[in-house]
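Residues 196 to 348 (our numbering) are what the sequence shown spells out, left to right. Notes follow the structure.
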Amino acid sequence: MLNIVLVEPEIPQNTGNIARTCACIGARLHLVEPMGFRLTQRNLERAGCDYWDEVDIVQWPCANAFFEAHGADELHLFTGQARRSFADASYGDDAFLVFGRESRGLDLRLVEAYANRCVRIPMREGLRSLNLSNAVAVAAYEALRQQGWPQLR
Numbered sequence: 196m197l198n199i200v201l202v203e204p205e206i207p208q209n210t211g212n213i214a215r216t217c218a219c220i221g222a223r224l225h226l227v228e229p230m231g232f233r234l235t236q237r238n239l240e241r242a243g244c245d246y247w248d249e250v251d252i253v254q255w256p257c258a259n260a261f262f263e264a265h266g267a268d269e270l271h272l273f274t275g276q277a278r279r280s281f282a283d284a285s286y287g288d289d290a291f292l293v294f295g296r297e298s299r300g301l302d303l304r305l306v307e308a309y310a311n312r313c314v315r316i317p318m319r320e321g322l323r324s325l326n327l328s329n330a331v332a333v334a335a336y337e338a339l340r341q342q343g344w345p346q347l348r
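Put into structure tokens, the structure is as follows:
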């Protein structure tokens, strides 16, 4: 199963959009605290996500806990600081696509610790980043394309 990991997401609407993508493609969503919002019914409704019941969600108390548990797994950290394109990576069945917070991305210590696992989505020079939910969708569909669209019609 493809895994989408959001490290300290800040905007509930983005997380709602990503949850919807996860529901549609059958990916597991990992949410790493602290988040810029609480997962309350009100916040979920405001995020416009009526797919939460269709998503396998795993919550982590902090980035250290997630990376201690999954550091040896197939991780792909998405960062504008990487040189390698996400399209040049190979994605296995149980890959973890890891994304940082909307305002600052992944912490430098994570990027440095996992430098050989970092990839980027190409874009024009001088522009900071895609919207987080768009970046997740682009990356997830490339991984699924490489996997032969498992369980999708």
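The C-beta atom is built at its ideal place from N, Cα and C for all residues, glycine as well. As the structure is a prediction and not an experimental result, all values here were calculated from the model.
Just reading off the beta strand (DSSP E) that residue i is part of, what are its end residues?
i	result
Asn198	198-202
Phe273	270-273
Leu292	291-294
Look up residue i in the DSSP assignment and give the residues it is bridged to.
i	result
Ile252	Leu224
Arg279	DSSP lists no partner for Arg279.
Cys313	Leu272
Gly300	Arg296
Between which two residues does the alpha helix (DSSP H) harbouring residue i extend?
i	result
Phe232	Neither: Phe232 is in no alpha helix (DSSP H) and is coded neither H nor E.
Leu327	327-341
Glu263	258-265
Out of the options, which one is the CA nearest neighbour of residue i?
i	options	result
Leu234	Ala330, Ala282, Pro204	Pro204
Gly287	Leu224, Met318, Gly343	Gly343
Asp283	Glu228, Glu337, Val202, Val331	Glu337
Val306	Met318, Gly275, Glu297, Ser285	Gly275
Glu228	Ile252, Trp247, Phe273, Ile220	Ile252
Gln346	Cys219, Val202, Glu263	Cys219
Phe281	Pro317, Gly295, Ser298, Leu301	Pro317
Leu325	Arg299, Tyr246, Pro256	Arg299
Leu224	Ala267, Gly231, Asn212	Asn212
Do residue i and residue j have their C-beta atoms closer together than 8 Å?
i	j	result
Val314	Arg279	yes
Ala258	Ala335	no
Ala290	Asn198	yes
Leu270	Val293	yes
Gln254	Leu226	yes
Ala214	Trp247	yes
Could you round the C-beta distance between residue i and residue j to whole angstroms and report it? I think they count as a contact, below 8 Å.
i	j	result
Leu272	Arg312	6 Å
Val202	Gly295	5 Å
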